[in-house]
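There are 2 protein chains.
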Amino acid sequence: MKKLINDPAQVVTDYLRGLSLAHSDLVAISTDPPFVTRADKDSGRAAQVAVVSGGGSGHEPLHCGLVGPGMLHGAVPGPVFTSPPAPQIHAAAKAADEGRGVVMIVKNYTGDVLNFETAAELLDMEDVAVESVLVADDVAVEDSTYTAGRRGVAGTLVVEKVAGAAAARGDDLAVVAEIARKAAGAVRSMGVALESGISPTTGQHTFDLDAGQIEIGIGIHGEPGREHQPHTQAKEIIEGLIDAIARDGGCEDGSDVLLFVNGMGSTTDAELHICYGAAHDALAARGVNVVRSLVGSYVTSLDMAGVSVTVCPMDDELLAAWDAPCATPAFTRVTP
Amino acid sequence: MKKLINDPAQVVTDYLRGLSLAHSDLVAISTDPPFVTRADKDSGRAAQVAVVSGGGSGHEPLHCGLVGPGMLHGAVPGPVFTSPPAPQIHAAAKAADEGRGVVMIVKNYTGDVLNFETAAELLDMEDVAVESVLVADDVAVEDSTYTAGRRGVAGTLVVEKVAGAAAARGDDLAVVAEIARKAAGAVRSMGVALESGISPTTGQHTFDLDAGQIEIGIGIHGEPGREHQPHTQAKEIIEGLIDAIARDGGCEDGSDVLLFVNGMGSTTDAELHICYGAAHDALAARGVNVVRSLVGSYVTSLDMAGVSVTVCPMDDELLAAWDAPCATPAFTRVTP
Chain A
1 MKKLINDPAQ
11 VVTDYLRGLS
21 LAHSDLVAIS
31 TDPPFVTRAD
41 KDSGRAAQVA
51 VVSGGGSGHE
61 PLHCGLVGPG
71 MLHGAVPGPV
81 FTSPPAPQIH
91 AAAKAADEGR
101 GVVMIVKNYT
111 GDVLNFETAA
121 ELLDMEDVAV
131 ESVLVADDVA
141 VEDSTYTAGR
151 RGVAGTLVVE
161 KVAGAAAARG
171 DDLAVVAEIA
181 RKAAGAVRSM
191 GVALESGISP
201 TTGQHTFDLD
211 AGQIEIGIGI
221 HGEPGREHQP
231 HTQAKEIIEG
241 LIDAIARDGG
251 CEDGSDVLLF
261 VNGMGSTTDA
271 ELHICYGAAH
281 DALAARGVNV
291 VRSLVGSYVT
301 SLDMAGVSVT
311 VCPMDDELLA
321 AWDAPCATPA
331 FTRVTP
Chain B
1 MKKLINDPAQ
11 VVTDYLRGLS
21 LAHSDLVAIS
31 TDPPFVTRAD
41 KDSGRAAQVA
51 VVSGGGSGHE
61 PLHCGLVGPG
71 MLHGAVPGPV
81 FTSPPAPQIH
91 AAAKAADEGR
101 GVVMIVKNYT
111 GDVLNFETAA
121 ELLDMEDVAV
131 ESVLVADDVA
141 VEDSTYTAGR
151 RGVAGTLVVE
161 KVAGAAAARG
171 DDLAVVAEIA
181 RKAAGAVRSM
191 GVALESGISP
201 TTGQHTFDLD
211 AGQIEIGIGI
221 HGEPGREHQP
231 HTQAKEIIEG
241 LIDAIARDGG
251 CEDGSDVLLF
261 VNGMGSTTDA
271 ELHICYGAAH
281 DALAARGVNV
291 VRSLVGSYVT
301 SLDMAGVSVT
311 VCPMDDELLA
321 AWDAPCATPA
331 FTRVTP
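First to last, the sequence lines map onto chains A and B. For the first sequence, counting from 1, position 115 maps to 115 in full-length UniProt numbering; every step adds exactly one. For the second sequence, counting from 1, position 307 maps to 307 in full-length UniProt numbering; every step adds exactly one.
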């Protein structure tokens with residue numbers, strides 16, 4: 001299969017190099033081991049709690065493209081769909097640390113949980129204070145291929161945004177961790193795949209799906225979801241995703257929510273907005289008020305065709321953190 | 001083929017509806033005829049020259065996703081890969097007009113040129129002053145399937161950005177048109193396709209490409225380029241694109257340029273940044289200084305796999321207009 005890459009073994013470091021060249025005002029990189037930190041770390045601004053995330057590659061722009069003022073302080077990319085080892089996470093967190101402690105945002109996959117935990121222990125031995133926040137927003141399945149408990153998927157962006165906002169306004173470690181946990185506890189997601197993505201390292205499709213079939217509840221590594229079903233119109237597919245989220249408790253009548261429609265890689269901007277309209281309708285029918293929106297391909301699965309829907313109930317504290325400005329390679333918000 | 005759409009005949013209006021629901025702070029829509037205008041038109045701000053663009057759909061987020069403060073005032077989506085008719089363009093321009101005239105930014109395709117010209121004549125009869133700016137930045141071929149002369153491709157975003165910045169700071173019609181023409185005259189692009197996209201209306205691939213072959217100089221409708229060649233590493237492919245641009249005069253030794261690496265639809269963020277690194281190297285080898293960067297899928301060809309590289313020599317006037325803040329559904333810039 002054709003990819004726009006050089007040596008398949010260098011995909012992650014070539015990506016980091018391009019990221020740093022294109023966005024040298026926002027990010028700095030290390031290549032051995034690979035990680036991303038903030039360009040403004042030693043610019044003389046007040047020290048902040050460092051918000052650090054990471055995981056296997058193949059989900060770009062998550063996480064490396066979300067480093068910058070108002071969002072992440074560090075990101076650690078593993079090999080494609082493979083957790084970064086603990087020493088790499090440790091090195092990234094050390095580099096990101098500004099002396100006020102580190103909040104680690106960890107998607108709930110067994111490898112990530114173990115490696116971030118070990119990295120936290122290493123940091124603790126060096127008297128760097130660490131708080132870990134687990135994201136497990138995927139309501140599709142309880143356990144999965146790489147996961148005990150629910151998977152962490154697109155809701156991770158919401159957690160990273162609110163934690164980054166709290167850190168940027170100078171909150172202490174415990175406060176940044178608390179708002180991150182609040183968002184992680186509130187956010188729910190579910191996805192659907194129309195076609196598998198293709199791995200740049202193996203050149204192979206990551207799973208098979210019959211013509212005319214879609215996979216409801218897919219994970220961001222192509223892990224099995226709830227069921228295959230015949231392909232149908234977007235409004236029916238999206239109603240099914242919202243229904244699953246609502247059954248889990250994320251769509252109370254009268255509540256105010258953030259609605260995030262996320263592309264999995266090769267889904268067009270037009271399709272994402274068509275899905276957004278369908279999700280908006282499905283929430284409105286349940287008496288849910290969409291007060292904030294995000295539409296784009298932020299938490300991808302290589303070039304998988306598909307979409308996930310994320311719903312996060314918002315109170316004033318989460319709204320203020322979501323609305324705060326941020327500037328990263330992939331996600332820029334201006335104060336509304 | 002599977003798409004996340006409802007009725008294929010309603011793809012454009014369903015997209016517009018989702019766009020307006022997700023970004024009601026930025027855009028307003030009409031569905032009959034379909035067009036997008038600014039949400040802030042009657043907000044009490046000072047009247048501006050209206051910058052309006054449009055063309056066939058299938059290139060989203062261009063143009064509808066680029067409406068908002070600091071960029072477009074109106075956008076007119078035709079059917080997929082088909083020019084909007086003159087009355088639709090006329091209606092959009094009338095709705096966008098703030099009494100200071102309209103700059104129409106037109107990609108150089110025969111249908112667009114004719115229909116925008118007719119719309120301009122209709123506006124002229126109603127005493128709305130119009131300046132048309134043609135974008136023909138694709139250096140790949142001289143004439144093409146839908147084009148006499150060069151095609152307008154990703155460089156259109158650069159023209160729209162600088163025109164929108166001039167309008168936002170209050171410049172008069174002639175001045176806004178002048179800076180748009182300056183950018184249109186300076187910007188050069190060339191693209192490559194790895195795989196065809198699939199039309200949401202027909203469900204068919206828009207062209208065929210043998211396994212292992214890529215199309216150098218592809219257009220954004222899958223029009224033929226310069227040649228098929230065997231697929232190779234990104235750095236060789238990108239060097240070829242920069243070489244073609246440089247031979248056309250866009251890469252003077254010592255010049256300062258904007259480098260824009262644009263995804264055609266299903267190219268991953270990691271691949272785009274790998275291509276960016278390769279383009280940066282190819283320019284550096286020619287003594288060209290990259291002073292501004294943009295990386296993302298902004299001017300797409302449905303879900304085609306591929307990339308285009310755009311180089312625009314920048315002087316102080318263009319830099320100031322590029323750096324000015326803007327906020328649109330797809331493209332937000334904060335003052336650096």
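Don't be surprised by glycine CBs; every beta carbon is placed ideally from N, CA and C. If you're wondering where the values come from, they're calculated on a predicted model, not measured in any experiment.
Within-7 Å CB hit, residue 32/A to chain B: If you number the first sequence from 1, residue 32/A lands on position 32. Chain B contact via Cβ: absent.
Close-in-space but distant-in-sequence residues of the same chain around residue 97/B (CB under 6 Å, 5 per side omitted): For the purposes of this step, residue 97/B is taken as the residue at position 97 of the second sequence. Cβ within range, chain order: 50 and 128.
Sequence-distant residues of the same chain with beta carbon closer than 8 Å to residue 245/A, five excluded per side: By one-based count along the first sequence, residue 245/A stands at place 245. Cβ neighbours of residue 245/A beyond the five flanking positions: 139, 188, 189, 190, 251, 309 and 311.
Identified DSSP bridge partners for residue 103/A: Here residue 103/A corresponds to residue number 103 of the first sequence, with the count starting at 1. Its beta-bridge partners are 51/A and 131/A.
Beta carbon proximity, residue 204/B to chain A, threshold 7 Å: In the second sequence, residue 204/B corresponds to position 204, counting from 1. False, the Cβ-Cβ gap to chain A never drops below 7 Å.
Counted within 10 angstroms of its Cβ, other Cβ atoms place residue 230/B as buried (16 or more) or exposed: Here residue 230/B refers to the residue found at position 230 when the second sequence is read from its first residue. It counts as exposed.
Contact set for residue 134/A: own chain, Cβ-Cβ below 6 Å, skip 5 residues either direction: Along the first sequence, one-based indexing puts residue 134/A at 134. Closer than 6 Å at the Cβ level, and outside the excluded window around residue 134/A, lie 106 and 108.
DSSP-derived helix/strand/coil call for residue 147/A: Indexing the first sequence from 1 puts residue 147/A at position 147. Of the three classes helix, strand and coil, the one that applies to residue 147/A here is strand, per DSSP.
Contacting positions in the region 251-283 of chain A - beta carbon closer than 7 Å to chain B: 265, 266, 267, 268, 269, 270, 271, 273, 274, 275, 276, 277 and 280
Own chain partners of residue 394/B with C-beta closer than 7 Å, once the 5 adjacent residues on each side are dropped: Only positions 1 to 336 of chain B appear in this structure, which leaves residue 394/B out of reach.
Per-residue DSSP class, three states only, for residue 142/A: Translated into the one-based positions of the first sequence, residue 142/A becomes position 142. Correct three-state label for residue 142/A: coil.
Cβ-Cβ separation, residue 46/A to residue 5/B (assumed contact under 8 Å), whole Å: Residue 5/B sits at position 5 when you count from the first residue of the second sequence. Residue 46/A sits at position 46 when you count from the first residue of the first sequence. About 48 Å separates the two Cβ atoms, so there is no contact after all.
Short CB-CB distance (under 7 Å) between residue 60/B and chain A: Here residue 60/B refers to the residue found at position 60 when the second sequence is read from its first residue. By this cut-off, residue 60/B is an interface position.
Secondary structure of residue 39/B, DSSP reduced to three states: As a working mapping, residue 39/B is identified with position 39 in the second sequence. Residue 39/B: coil per DSSP, three-state reduction.
Counterpart residues of residue 77/B in DSSP-defined beta bridges: Against the second sequence, residue 77/B aligns to sequence position 77. Beta-bridge pairing links residue 77/B to 55/B.
Rounded distance between the beta-carbons of residue 179/A and residue 162/A, thought under 8 Å: The residue given as residue 162/A occupies position 162 in the first sequence. The residue given as residue 179/A occupies position 179 in the first sequence. Confirmed, Cβ separation roughly 5 Å.
Bounding residues of the alpha helix (DSSP H) (the contiguous stretch that carries residue 110/A): As a first step, residue 110/A is located in the first sequence; it is residue number 110 there, counting from the start. Run containing residue 110/A: 110-125, per the alpha helix (DSSP H) assignment.
Pairwise C-alpha distance: residue 19/B and residue 56/B: One-based indexing of the second sequence puts residue 56/B at position 56. One-based indexing of the second sequence puts residue 19/B at position 19. Rounded to whole angstroms, residue 56/B to residue 19/B spans 17 Å at the Cα level.
C-beta neighbour in chain B for residue 228/A, strict 7 Å: As a first step, residue 228/A is located in the first sequence; it is residue number 228 there, counting from the start. It does not; no Cβ of chain B falls within 7 Å.
Contacting residues, own chain, Cβ-Cβ under 6 Å from residue 237/B (five flanking each side not counted): In the second sequence, the residue the question calls residue 237/B occupies position 237. Here the set comprises 192.
Proximal residues to residue 334/B (C-beta, below 7 Å), its chain only, five neighbours per side dropped: Taking the first residue of the second sequence as position 1, residue 334/B is located at position 334. Closer than 7 Å at the Cβ level, and outside the excluded window around residue 334/B, lie 325.
Beta-carbon spacing of residue 2/A, residue 194/B below 7 Å: To locate residue 2/A, count along the first sequence from 1; it is residue 2. To locate residue 194/B, count along the second sequence from 1; it is residue 194. The answer is yes: Cβ separation under 7 Å.
Within 7 Å, strictly: CB atoms of residue 221/A and residue 35/A: As a working note, residue 221/A is residue 221 in the first sequence. As a working note, residue 35/A is residue 35 in the first sequence. Not in contact: residue 221/A and residue 35/A (Cβ atoms no closer than 7 Å).
Beta carbon proximity, residue 26/A to chain B, threshold 7 Å: As a working mapping, residue 26/A is identified with position 26 in the first sequence. No, residue 26/A does not count as interfacial toward chain B.
Beta-carbon contacts of residue 115/A that lie in its chain and below 7 Å, excluding the five residues immediately before and after: Against the first sequence, residue 115/A aligns to sequence position 115. Hits under 7 Å: 83, 84, 85, 86 and 89.
Below-7 Å beta-carbon distance, residue 243/A vs any chain B residue: In the first sequence, counting from the first residue as 1, residue 243/A sits at position 243. Residue 243/A does not count as touching chain B.
Opening and closing residue of the beta strand (DSSP E) in which residue 292/A lies: Here residue 292/A refers to the residue found at position 292 when the first sequence is read from its first residue. Its beta strand (DSSP E) spans residues 289-296.
Classification of residue 210/A by the beta-carbon crowding that lies within 10 angstroms, buried from 16 upward: To locate residue 210/A, count along the first sequence from 1; it is residue 210. Residue 210/A comes out exposed.
Buried versus exposed, by CB contacts within 10 Å (16 or more), residue 71/B: The count along the second sequence starts at 1 and reaches residue 71/B at position 71. Label assigned to residue 71/B: buried.
Straight-line gap, residue 280/A to residue 21/B (C-alpha atoms, nearest Å): In the first sequence, residue 280/A corresponds to position 280, counting from 1. In the second sequence, residue 21/B corresponds to position 21, counting from 1. Whole-angstrom Cα-Cα distance: 8 Å.
Supposed contact pair residue 330/A and residue 66/A - C-beta distance, whole angstroms, cut 8 Å: Taking the first residue of the first sequence as position 1, residue 66/A is located at position 66. Taking the first residue of the first sequence as position 1, residue 330/A is located at position 330. Yes, residue 66/A and residue 330/A are in contact; Cβ-Cβ is about 6 Å, under 8 Å.
Within 7 Å, strictly: CB atoms of residue 77/A and residue 158/A: Counted from its first residue, the first sequence places residue 77/A at position 77. Counted from its first residue, the first sequence places residue 158/A at position 158. Going by C-beta atoms, residue 77/A is not nearer than 7 Å to residue 158/A.
CB contact below 7 Å: residue 179/B versus chain A: In the second sequence, counting from the first residue as 1, residue 179/B sits at position 179. So, not an interface residue.
Residues of the region 161-175 of chain A whose Cβ lies closer than 9 Å to any Cβ of chain B, in chain order: none
Option in 151/B, 150/B, 183/B and 208/B with minimal Cα separation from residue 165/B: Here residue 165/B refers to the residue found at position 165 when the second sequence is read from its first residue. When only C-alpha atoms are compared, the closest one is 183/B.
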